[in-house]
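Just below is one structure, and these are the notes that go with it.
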Amino acid sequence: MIVWLTIPIVYGLTTFYQVPALYSTKLFAYFFDPFIGTVGLQGMPQMTLQSLCICVEIFIAAVVYVYMQFFPVSEFVIIVAHICWILIHGDTPIVYLLLNVSLRTEVFKMVRKFLTNAKDTTNKFARFSSIFGSPQQISPLPDT
């Protein structure tokens, strides 16, 4: 009975050491390389720098806060931990806008669209108030 149980266990353990063959819908076959037939990623160093900027702050803050729980630290270390905690929550959008070109262009398009719509809305209100009078010029109805 033990022999019959060891065969599937050994087979299952050997699958952890093998690369599985994945089906490619582009080439209609199974391949060990999942990226076969695809072009390499562009902008990989930029994405790495962006991730590094965000993750280093998180790592430093987490390590220092855990360290502070077990060992006495100076006031300088506490200030560094707090500054990193603030940066984690505040500068991620800034890092994205500085380092991600596609996100930056889309955000600027949205801001430009918002500003042009705000001008149109202001002009429409000005035209409306000039036609119908401003609220200060409208007198209340007389009591009957």
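Under our numbering, the first residue of the sequence shown is numbered 6, with each subsequent residue one higher.
The beta-carbon is built from N, C-alpha and C at its ideal position, and this holds for glycine as well.
Would you call residue i buried or exposed, if buried means 16 or more other Cβ atoms sit within 10 Å of its Cβ?
| i | result |
| --- | --- |
| L32 | exposed |
| L92 | buried |
| E62 | buried |
| A86 | buried |
| A66 | buried |
I need the DSSP call for residue i, collapsed to helix, strand or coil.
| i | result |
| --- | --- |
| L32 | coil |
| I41 | coil |
| F158 | Here the chain covers residues 6 to 149 and nothing more, so residue 158 does not appear. |
To the nearest angstrom, report how far apart residue i and residue j are at their CA atoms.
| i | j | result |
| --- | --- | --- |
| I14 | P25 | 18 Å |
| S107 | P98 | 13 Å |
| Y72 | Y101 | 29 Å |
| E111 | I88 | 30 Å |
| M52 | F75 | 35 Å |
| I83 | V69 | 8 Å |
| T11 | Y35 | 29 Å |
| T121 | F113 | 12 Å |
| I59 | W9 | 51 Å |
| D96 | G17 | 46 Å |
Below 8 Å CB to CB, which residues in the same chain sit around residue i once its five sequence neighbours on both sides are set aside?
| i | result |
| --- | --- |
| T43 | K31 |
| Q55 | V100, Y101, L104 and N105 |
| W90 | A66 and Y70 |
| R117 | none |
From which residue to which residue does the alpha helix (DSSP H) around residue i run?
| i | result |
| --- | --- |
| P13 | I7 to T19 |
| Y22 | Y22 -> no alpha helix (DSSP H), and no H or E assigned at all. |
Short of 7 Å in beta carbon distance, which residues of its chain neighbour residue i, apart from the five on each side in sequence? Order them along the chain.
| i | result |
| --- | --- |
| F119 | none |
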